[in-house]
Structure formats: C-alpha cells, structure tokens
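So the sequences go chain by chain: E and F. Each number in our numbering comes from the position in the first sequence (counting from 1) with 328 added on. Take the second sequence: its position 134, counted from the start at 1, is 130 in our numbering, and no numbers get skipped. Every residue gets a Cβ at the ideal spot worked out from N, C-alpha and C, and that includes glycine. In this text the structure is predicted, and so the values were computed from the model without any measurement.
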Amino acid sequence: MSRVLMKGNEAIGAAAIKAGCRYFFGYPITPQSELPEYMSKALPEAGGIFLQAESEIAAINMVYGAAGAGARVMTGSSSPGISLKQEGITYCAGAELPCVIVNVMRGGPGLGSIQPGQADYFQSTRGGGNGDYRTIVYAPASIQETVDYVMEAFDKADIYRMPVLILADGMIGQMMEAVEIKEPNKIDLPEKDWATVGTKGKRKPNIINSLYLDSEKLEQHNANLQKKYNKIEATEVQYEAFGLEDAEVVCVAYGTTSRIVKNAIKHCNDNGIKVGMIRPITLWPYPYDVFKSINPKAKGILTVEMSAGQMIDDVRIAIEGRLPIYFNGRCGGMIPTPASIVEDIKKIAGGK
Amino acid sequence: MSIVYERSKGLTDKDTHYCPGCTHGIIHKLVAETLVELNVLDDAIGIAPVGCSVLAYEYFNCDMQEAAHGRAPAVATGIKRCRPQNIVFTYQGDGDLASIGTAEIIHAAHRGEKITTIFVNNAIYGMTGGQMAPTTLVGQKATTAPFGRSEELSGKPIKMAELLATIDGANFIERVAVNSPANIRKAKKAITKAFKCQIEGKGFSLVEVLSTCPTNWGYSPVKSLRWLEDNMIPYYPLQNFRNFEEV
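If you want it as structure tokens, here you go:
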C-alpha cells in the first residue's frame, strides 16, 4: 500500500483494523473522537462491530468481556476518560486479558483542557488502577510510528495476555501526516484456549477472573505476573538514541515533544555544542540501560516534557546520581519552544 | 430402580459458600436446570457479579467471567456482540445491579442487548456485612442504617423491574420470589421464558428474584421466608411487567 495523508486518530483506527481488530467499544471525548467516528464507519465495512458505550467505564468492561471471549478488541479515549477506565484496565491485567487502549492525552488535572499534554505519564507507567500490575506503553512520535505500534500492540497483547497502551498526545491525534498502513507481521500467536466461548460439552468450563480469596494463591498469581513483567523488561524495551558517547548535554523526550527537541539539538550541533538524545519509545518497560552509554563527562541531562515533570523520575532512576538533571516543561496545552530548549542546553553546556 | 432426582448438570460438584438458609442455592439450581432443559448449557457464558454470588463462576458448569462491581451487563455486552451464537447471562445482586451498576443495566436494556439477567434482590448488602442497599425497605435495619432506613435521608427503595419495564429494549421483565414451593415453580417458569427471549433473539430479558438473607437480617431461615412474604412482596409486587410473547 502506498502512503496516504491521514489524521492521526483515523490512522489509529485503520491500523487496528489492518491488525485484525474487529471490535471497538468507545465513548466520545476530545481530542480522540475521530477514532470512534472512524471505527463506526470502517468496522461494519470490515465485518466488525463498533458500539458506542454509555460511559468510559462500560466501554472498558465491554472490552474485558470481548477480550475474555477471545476477540481482538480496542478502546480509545483521552486523559479524563482514561482515568475512568482504570478500573477495567486493572481487571484486564489481573485476569490476563489482551486488549489495546489508546490514550490521546490532553492537559490535566481534572477536566483540564482539550489541548495536547503528556501529563498521564505517571498514570500510564505506574499503574492508574489498583494492584501490582504493568501495561506495555508505546509512545509514538509520528503518525507512521503510531500506526506501526498500534499493530505491534495487538500482537504483544496476545503474546503476553495483557492490556497494552498507546500513549499519544493531542498533536498525534489531530495532525495529518503521510502514512503507510503496512501488512501485519506474520507471527505465531498463542492459541486462546482459555477464552470463554462455550464448552461445547467437550471441556471443563473456562473462567475469566482476577479474584483469589486464598492469599497464597493470590501471591502466586502475582508472582506469575511479575515473572511475565520481568521478561517484558528484558526483551521489549524500545528507544531511539544518538550522540551519547561524546555528548556535552543529553536531551530526553518522548512523543511529539521529541520532535521539537530534535530541532533544538540540530541547532546546537550546528553551533558547536555536542548534544545527544534518548527518546524512549516504550515508556514501560523504560530504556534505563541506554543511559549507561552517556559520556560520563557530560555536563548534564535535559528532560523535556509537556508536563510538570513526570518522566524525569525515570531519568533520575536511570542516571543513578551520576549527572545533574535539568527540566524544561510546559503544561496545560502549552508546548515547549525550540528556543527555550536551545537556551537551556547552552546554559547546561556552559556550566551555568 | 430409577433416578427420580439428581443434581443438575448445570452445576459443578463444588460445595457453595452460601450461609444456611440463603436462597441463592435455589436460584442457582433454577438457572442451571433451565440451561440444561433448553439445551444451551454447552453454549452458555455466564457473568458473575461482586457480592455474595461473586463465586458463582465456581458453581455454574459453563464458561464464566467474573466482572467488576456492577459491570456485568457491560461485560455481557462485550461477549454477546462478539459471540451472538452463545447464550450470555449475568447473575447479579441488588447492590451490584441497583446501585453501583445502574448505568450498565439500564443501557444494556436500552440497547436491547440479547442477554438474560438474573437479579437477586435480598434488600441488603450481604457479602460486606449487611449494609443498606437501594432496595432496603423503609424502617429496615442495616449496619449503615442502624435506626432503620430513613426515607428522608435515603429515599424509598428502588423498584428495578418497574423501572426497566419502561424501556423499549427490555422484552421480558418479571419479578418472582423463592419463598415457597409454589413461588419457586413460578420463578422457574419466568427464568425459562427469560432465556427463551434471548434464544429467540427478542432482546433484553431480566428476572428479579426476591431472596432472603437470614444472616444479615438477623432472622432464622424460616422467619426470613415469612419476613419476605410479609414485607417485601407487598412493596415489590410479584408480576410480569413485559412479556415478548404478548408483544
């Protein structure tokens, strides 16, 4: 397929259908509403079902039911709506149900704004719901990357039997870029012999459940989940990095913010300041190890986010006190400017 | 020698955790027998609630999903939309369905989801220790209504069958009780019709079953059955509210 010009939210829908998703349960919220709108037309054409739920809570619980019945299923929302879905997400994690959840982030807290934001990092990577669970979190920086990771997300969800998050921001959702919706990778996925599809009188009942009243059994269930998460941390980390070994300053940013930072870095490199970059693509698992490649004589790290500073916690964990860490962040739909980032880089490089 | 009675194949062999005198066991049996008699047990997918019947997934001998509190109708919707060929039912208590899950049950009915809901109303939160439910009668004592339910504070108890019967998508709504052999027989008939409503693709079906909670009401099982008859049935009349067969 050749490249076509698509709005981010619609491209997410097209990629999901290409990946075999045939069920979408959603609820309108800006700035992701084009996703349910697209699915309401495209899914019936693809032989699937789009259903507008009565609430975000109902939508994620419909996802739970469909995933438990073995379907490839998705829901999408934006920040306050994702807060409402947290109950269902932890149930999906606890019952080990594969599903894909898209968060087109806006400014917060509370009702916040409808402008782009990155303030749901804690919620996405620390578990917005109750209990010891994780979700794989992809943070794409372009619409092409978004469609590629939406497709990958369905496979990872099936392989690991867990919810996978696509953490986009309002810019990804609303802007148009040329994209190619590629053919899905052909990989062997595990059979869903655990799904509730009716026993047909041929086997014992399958049960989808996250309740373990026996403490020892619940601890064992948690241990099994942690084993799975440890494997993901060892094998599923994805990032982009450059210029770390001889960097005077290293910038860390993800999503659309990383594109602004790249402009600033180019300006600095053109003007004789060596600036490297780490762009996490998976926010969980986080690419901690790549930070070890940073020049130990660098002057400092600059973390840039559309938040009051959330990913900076992971940068601190990764740096382990070796280098000073600085922050440039804007909130509420305001966007960091290349000029302010250049200014910060110059200050750090100059030891100020 | 011939077998005159045996445990329904719709139930597993597991002993239930229900308190002595609780009527959940009777209602489980009626649902299980119905699934077997209508020959749909092998295609059935049940959804257990949060509350006393939270472990129903261990008792029904069919595929089961355990839902979050009140969300069973949404979970059932997700299943039924993917697998219209299966028979999907929810089994919910009054805290689950009539309080935290009102949005989910009303909209499942409103969409005319082809699912069946067994709604067990015992006028109290049983599992958490006898707190007031939206269905608790005025004056009835509960651990969060130690002086009895106050109408001024909490309003009158909610009548879910009547409420749901106003919705066009709800094609079978009936309230029954399991306090006597005669009423149990009527309950079985209603449950059978509710599943037939789904099998025939007619839309949403619900049976509200008035039930007892001797432990939290503080009465003996026998007195509880009498209390149900004397207090609940006058407020919650036993009748059919919508019947797809008569549409």
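Establish whether the CB of residue i and some CB of chain F are separated by less than 8 Å.
| i | result |
| --- | --- |
| E/Val578 | no |
| E/Thr524 | yes |
| E/Leu539 | yes |
| E/Tyr419 | yes |
| E/Leu326 | Since the first residue of chain E shown is 329 and the last is 680, residue 326 of chain E is not available in this structure. |
| E/Ala485 | no |
| E/Gly491 | Looking at the sequence shown, residue 491 of chain E is not Gly but Pro. No, because no Cβ of chain F sits closer than 8 Å to the Cβ of E/Pro491. |
| E/Pro664 | no |
| E/Leu379 | yes |
| E/Tyr351 | yes |
| E/Glu382 | yes |
| E/Thr527 | yes |
| E/Ile536 | yes |
| E/Pro533 | yes |
| E/Ala447 | no |
Tell me whether residue i counts as near the ligand ZN, meaning its Cβ is closer than 7 Å to at least one heavy atom of that ligand.
| i | result |
| --- | --- |
| F/Ala94 | Ligands are entirely absent from the displayed structure, and the ligand ZN is therefore not among its contents. |
Please classify residue i: is it buried, with 16 or more other beta-carbons within 10 angstroms of its beta-carbon, or exposed?
| i | result |
| --- | --- |
| E/Gln360 | buried |
| E/Asp497 | buried |
| E/Asn558 | exposed |
| E/Lys590 | buried |
| E/Gly501 | buried |
| F/Ile41 | buried |
| E/Gln638 | buried |
| F/Lys155 | buried |
| E/Gln554 | exposed |
| E/Asp617 | exposed |
| F/Asp226 | exposed |
| E/Leu541 | exposed |
| E/Ile515 | exposed |
| E/Asp598 | exposed |
| F/Arg79 | buried |
Express the C-alpha separation of residue j and residue i in angstroms, rounding to a whole number.
| i | j | result |
| --- | --- | --- |
| F/Ile120 | E/Pro613 | 45 Å |
| E/Ile676 | E/Ala592 | 14 Å |
| F/Gln81 | F/Ala129 | 35 Å |
| F/Ile229 | E/Gly438 | 45 Å |
| F/Ile43 | E/Met433 | 33 Å |
| E/Thr584 | E/Ile471 | 10 Å |
| F/Ser216 | F/Arg222 | 10 Å |
| F/Thr131 | F/Thr30 | 27 Å |
| E/Gln446 | E/Phe570 | 23 Å |
| F/Gln235 | F/Lys192 | 18 Å |
| F/Ile23 | F/Val174 | 8 Å |
| F/Thr188 | F/Thr86 | 14 Å |
| F/Gln127 | F/Thr140 | 5 Å |
| F/Thr98 | F/Gly66 | 7 Å |
| E/Ile645 | E/Tyr392 | 34 Å |
| E/Ser330 | E/Glu338 | 17 Å |
| E/Ala575 | E/Leu630 | 12 Å |
| F/Ala166 | F/Thr211 | 33 Å |
| E/Tyr366 | E/Ser406 | 16 Å |
| F/Gln136 | F/Phe115 | 20 Å |
| E/Met490 | E/Val430 | 14 Å |
| F/Ser201 | F/Thr113 | 6 Å |
| E/Met504 | E/Ile388 | 28 Å |
| F/Thr73 | E/Thr524 | 14 Å |
| E/Ala626 | E/Val578 | 8 Å |
Does the beta carbon of residue i sit closer than 8 Å to a beta carbon anywhere in chain E?
| i | result |
| --- | --- |
| F/Val50 | yes |
| F/Tyr215 | no |
| F/Thr73 | yes |
| F/Gln61 | yes |
| F/Glu100 | yes |
| F/Ile41 | yes |
| F/Cys78 | yes |
| F/Tyr14 | no |
| F/Tyr55 | no |
| F/Asp90 | no |
| F/Asn82 | yes |
- Query: If contact means a Cβ-Cβ distance below 9 Å, which residues of the region 353 to 371 of chain E contact chain F?
  - Reply: Phe353
- Could you tell me whether the region 411 to 431 of chain E touches the region 364 to 381 of chain E, where touching means 3 or more Cβ pairs closer than 8 Å? no
- Item | At least three beta-carbon pairs within less than 8 Å, the region 416 to 431 of chain E to the region 99 to 108 of chain F | Result no; under three Cβ-Cβ pairs closer than 8 Å.
- Item | Sufficient close CB pairs (3 or more, under 8 Å) joining the region 477 to 484 of chain E to the region 529 to 541 of chain E | no
- Task: Decide if the region 89 to 97 of chain F is in contact with the region 39 to 58 of chain F; the criterion is three or more beta carbon pairs, one per stretch, under 8 Å apart.
- Result: yes
- Message: Can you pull out the residues from the region 101 to 135 of chain F whose beta carbon lies closer than 7 Å to at least one beta carbon of chain E?
- Response: His103
- Message: Residues of the region 388 to 416 of chain E in Cβ contact with chain F at a cutoff of 9 Å, in chain order, please.
- Response: Within the region 388 to 416 of chain E, Ile388, Asn389, Met390, Val391, Tyr392, Gly393, Ala394, Ala395, Gly396, Ala397, Gly398, Ala399, Val401, Glu415 and Gly416 place their CB atoms closer than 9 Å to a CB of chain F, listed in sequence order.
- Are there three or more Cβ pairs, one per stretch, closer than 8 Å when the region 599 to 612 of chain E is compared with the region 650 to 664 of chain E? Short answer: they don't touch.
- Take every Cβ of the region 341 to 359 of chain E, pair it with every Cβ of the region 378 to 386 of chain E, and state whether three or more of those distances are shorter than 8 Å. yes
- Query: Counting pairs of beta carbons, one from the region 540 to 549 of chain E and one from the region 501 to 520 of chain E, are three or more of them closer than 8 Å?
  - Reply: Segments in contact, no.
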